[in-house]
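Contents: one structure, followed by commentary.
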Amino acid sequence: MNWLRQLFSRRQAYRELSEEIQAHLDEKVEELVAEGMPREEAIFSARREFGNVGLIEEDCREVWAWPSVEDFLFDIRYGLRSLRRSPLFAVVALLTIAIGIAANAAVFSVVNSVLLKPLNYPRADELVALHQVAPGAEGLADFENGLLLSASMYFTYSDHNRTFQSLGVWTAGAANVTGMAEPEQVRTVAVSDGVLQTLNVPPLVGRWLSPADQVPNSAGRVMLSYGYWQRRFGGDRTVIGRNINVDSQPREIIGVMPLGFRFVDADFDLALPFAFDRGKTILAGFGLQGVARLKPGATIAQANADLTRMLPIWMDSWTNGPGTNPHIYEAWRITPMIRPLKQQVVGNVGELLWVVMGTIGVVMLIACANVTNLLLVRLEARQQELAVRAALGAGRVRIVRGLLVESVMLGIMGGLVGVGLAYAGVQFLVAVGPSNLPRLNEITIDGRTLAFTFVLSVLSGLLFGLIPALKYAGPRTASALQSAGRTVSVSRERHRARNLLVVGQVAMAMVLLMSAGLMIRTFGALRKVDPGFADPQHLQTMRISIPDSLIAEPERVTRTQNEILDKLTAIPGVRSAGFVSEMPMEGFGSGWDGVYAEDKVYADDSIPPLRLFKYLSPGLLQTSGTRLIAGREMRWSEIYGLQAEVMVSESLAREMWGTPSAALGKHLHEIPNMPWNEVVGVVQDVRENGLQQAAPEIVYWPPIIKSPFVPGLVYAQRTVTFVVRSDRAGTESFLNEVRAAVWSVNPELPLASVRTMQEVYDKSVARTSFTLVMLGIAGTMALALGIIGIYGVMSYTVSQRKREIGIRLALGAQGRDVLHMVLRQGTRLAIVGVIIGIAAALALTRLMTNLLFGVSAHDPVTFVAVAVLLILIASVACYIPARRATLIDPIIALRYE
Amino acid sequence: MKKPEQRDLFPGALEMMILRTLKRQPMHGYALVQQIKRTSNDVLQIEEGSLYPALQRLLKEDFVKAEWGISSTNRRVRIYKLTAAGGRHLEREVSSFERMLKGITQVLAPGEL
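Chains as they are written, first to last, in the working numbering: chain A, 178 to 1074; chain B, 3 to 115.
This is the structure we're talking about:
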């Protein structure tokens, strides 16, 4: 701690040093006087022989000090003082930086939480999603999830793999919990053995689902999520061992998972064991998500090779039933494409976030350019002070450093304010962020974000400080001191830096406004897309599931649904109602399969392209506003009569038979050798997977059909979305009546996903609107900063040229000429900036191609509109200083000297 | 910033002379300068002030100690004293200086060219 004591006793030591040196000089003087020299001469002589006292004292002090730190502290004190002297400058600069940094910190915290932080599992880098694609299975290409796993694949992979520590399959679903107050539909996750082991998060209370719980027909077991445990049981630890009724089956609670635990990307209330029966498992049924933990050292490439090796084993080990060829799947060309689990969770949002981060970064650059401009103007005024410092012996390096310390300090102070604003910004981002933004609940401002903000503050401080510092620290002492106080007209060279900055700002603003403009065009194009339903605001939807434990007999299920429809239609203000297995964009995941047309010939063993299967009630099309292109809807009487009738989408009709009307009366079936179904209607194409995705080919089935697999078996659609058209949709009183209507049919039926179609629609364009909002904010900030930049530079130029303009006016120039001169100068800067911006935008907007829809990344309309807008606004910004220039009174301007 | 080494002397020479002078007897700054000037027959033209940074460096390394006292001319001065560590340092420096000098002398010796 010696240095610490030194630090505190240093003032004392320096005083002693001065005293000692003074004593030395005194002694010398006295000696010289004693030798007969006059005192005055002796003082001079003593000083001469001693050398520069100030410098020597400084050298002495340097021995003890950490000189760079001392200088640094001095620079900081000096910087603070000079900032205090010009509070207006300080506030404007600080706010500019703070807003820029806040925007960056907020967006970075999202990028960090979503993209950079590892998932919340132990050794999360070993976790992978068992993703696979099947280019040979047409129709599957639409699936974001590729080819999901079947139970038989799970068994094969689990039994024969060499590269995984553990693996399992899971799927998210819903179930009805009854027996506690109101019936409730909860989110479930069904898991095979291996899923919990793979994720490896220990339970908070109780135990995991064990292999014993996965035995078919064993006693029912269930695990709770932390949220459900708190909500339903108030966090009571004695729930372990209690029973709850899940889909009318009693299940024993064996454990609770901790707060924040999710199955990959699925929030859940209950986790249930799959309990697959090996004896009944077939090849097909590709509906399960696979998750695995790699062995230490194993790579994804090795794991892919491992799965590829096991696929033939899989086809040899299982079958789809007697008489089927298990090797037909070779035609699908199933290819494992295992990816890190994090990639699976984050999905395609990464690209969007990086685009947003990039644009916000550009805003920061523009803010820096603005502050640079401010600093340049201020240094112009401070030239004398700098010249004085240089004359007193401060070196160029020292002055540059001093100025940089000042600007970095501005940066850091801006950063401090910025972090405060960023907290608000993050709240805003989480609020406007697309609700399907992964890991939304994990977004926080953490240490890494703070470190990022700090680095950003320092870097931006250096960035906007460097140009002014280098420019003004130069050896121009003499000229600066001479010209002090005289308003000479400034040389062209002096303006170059500021003009360049303005051009740069306009160019960057151009790029950002272009991106925002393209998003606006995308949004416009999306709004023009016919989604396949109309007036979504007045469409009330809700999911109702009828488990077979409640109503076993299929026809009674459909009759119950029919009865609910009747009750719903009877509610005052309801125009019509219907139900369907899934409304467009709901994202519940529907059934897909191939169909064979009667009048077509298919090669043996070929698999026809996959079509989306939907099941709907009469009245649904009319209710949702989906147009019937040809033919008619199915009727209730035919449905209950199990008449083999279907409808098809327009696209499917055109593909198979050329025109919609040609499809009527044609026949198709799902499985060879089963009875044919007659096509009675053709329905307009519907954007099932969102507005940006092409409409899939769809086969519409009645809600109750003869099983295509087992003769004599009847199959009813048990989980359906009810759709009600009413002007009162979404209101609380209406919803109460809807619930009462449903419960008057059966009080055990919970209503899930109660929302209007508008909400579904908004959610499906959430990604686009989020990008639009973000780019809009960035573009507006860029525009505002750019305008301030132009305005500032033009005002300053005018004030500097006051004398010159005065002379022009005195010599007979008209106010109009002066106005034009200034306007021309400002507009020229804007035009150069716009041209550079267009070049940059041509290169950069390509990066956002995937975010665009219905508009090219080089859309000329947007380019022209944005360019014209920017130049116009820039001219307006120049007009105010130009106008002021015309009002200069030549007499006053010239007398000003 | 001026480096203390930018003098006619080689680095460390002034420190060596100070230590050698102090080995004989403790003294204060002014006396030290006069002593060094005298013993070098005024060959070494050192700025009197340059002594002080050197003294500060020696103080920092604990090669000398300083105490306030009264000089022969009856003024309050800081008297510097060689420490044990300073003595050892001096020996080391002198012997390495002598080796160096010997080397230089041999190179400069006439007749070998």
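Built from N, CA and C at the ideal position, the CB exists for glycine as well.
Separation of the CB atoms of residue 703(A) and residue 868(A) is rounded to 5 angstroms, and the pair is thereby assigned contact status at 8 angstroms. With the criterion set as a beta carbon lying under 8 angstroms from some beta carbon of chain B, the members of the region 197-231 of chain A are 197, 198, 200, 201, 203, 204, 205, 207, 226, 227, 228, 229 and 230, in sequence order. With contacts defined by Cβ atoms closer than 8 angstroms, residue 548(A) and residue 274(A) form a contacting pair. Beta-bridge partners of residue 773(A) (DSSP): 846(A). For residue 428(A), the enclosing beta strand (DSSP E) stretches over residues 426-433. Identification of chain A residues near residue 79(B) by a Cβ-Cβ cut-off of 9 angstroms yields 197, 200, 201 and 204, ordered along the chain. Within its own chain, the residues whose Cβ lies closer than 8 angstroms to the Cβ of residue 271(A), once the five positions on either side in sequence are excluded, are 587, 590, 591 and 594, listed in chain order. Contact of residue 240(A) with chain B by beta-carbon distance below 7 angstroms involves 55, 58, 59 and 62.
Taking the beta carbon of residue 32(B) as reference, the chain A residues within 8 angstroms of it are 200, 201, 204 and 205, listed in sequence order.
Note on the region 178-246 of chain A: there is no whole beta strand (DSSP E) run with a minimum of 3 residues.
Contact between residue 347(A) and residue 366(A) holds, with the beta-carbon distance rounding to 6 angstroms and staying under 8 angstroms. Considering only 451(A), 423(A) and 381(A), the residue with the shortest C-alpha distance to residue 417(A) is 381(A).
In the three-state DSSP reduction, residue 495(A) falls in the coil class, being neither helix nor strand. Ranked by how close their Cα comes to the Cα of residue 328(A), the residues 491(A), 826(A), 518(A) and 249(A) have 491(A) in first place.
As for any alpha helix (DSSP H) of minimum length 4 sitting wholly inside the region 977-1037 of chain A, the runs are 979-987 and 992-1021, ordered along the chain. Looking at the DSSP output, residue 882(A) sits in a beta bridge with 892(A). Proximity of chain A to residue 50(B) at the Cβ level (cut-off 8 angstroms) is accounted for by 201, 205, 226, 227 and 228, in chain order. Under the Cβ criterion (8 angstroms, minimum of three pairs), the region 49-59 of chain B counts as touching the region 16-24 of chain B. Within the region 83-102 of chain B, no residue has a Cβ lying closer than 8 angstroms to any Cβ of chain A.
Within a 10 Å sphere around the beta-carbon of residue 466(A) sit 16 or more other beta-carbons, which makes this residue buried. Boundaries of the alpha helix (DSSP H) around residue 100(B): 86-110.
Taken through DSSP and simplified to helix, strand or coil, residue 780(A) comes out as coil. Contact annotation, residue 690(A) with residue 960(A): C-beta distance approximately 6 angstroms; criterion of less than 8 angstroms satisfied. Remark: C-beta atoms of residue 732(A) and residue 891(A) approach each other more closely than 8 angstroms. Among the CB atoms of chain A, none fall inside 8 angstroms of the CB of residue 41(B). By the CB criterion at 8 angstroms, residue 896(A) and residue 736(A) fall outside the cutoff. Residues of the same chain with a CB within less than 8 angstroms of the CB of residue 748(A), apart from the 5 flanking positions on each side, are 901, 903, 911, 914, 915 and 918 in chain order.
Contacts with chain B at 8 angstroms (Cβ-Cβ) do not include residue 965(A). Distance between residue 1038(A) and residue 924(A), taken at the CA atoms: about 58 angstroms.
Interface annotation, residue 23(B): not in contact with chain A, CB-CB separation never under 8 angstroms. For residue 308(A), the secondary structure class from DSSP, reduced to helix, strand or coil, is coil. Annotated as distal: residue 630(A) and residue 310(A), with beta-carbon spacing of 8 angstroms or more. Interface annotation, residue 75(B): in contact with chain A, CB-CB separation under 8 angstroms. DSSP places residue 726(A) in the coil class of the three-state scheme, outside both helix and strand.
Using a CB distance cut-off of 8 angstroms, residue 233(A) counts as an interface residue toward chain B. The C-alpha of residue 803(A) is placed about 54 angstroms away from the C-alpha of residue 1005(A).
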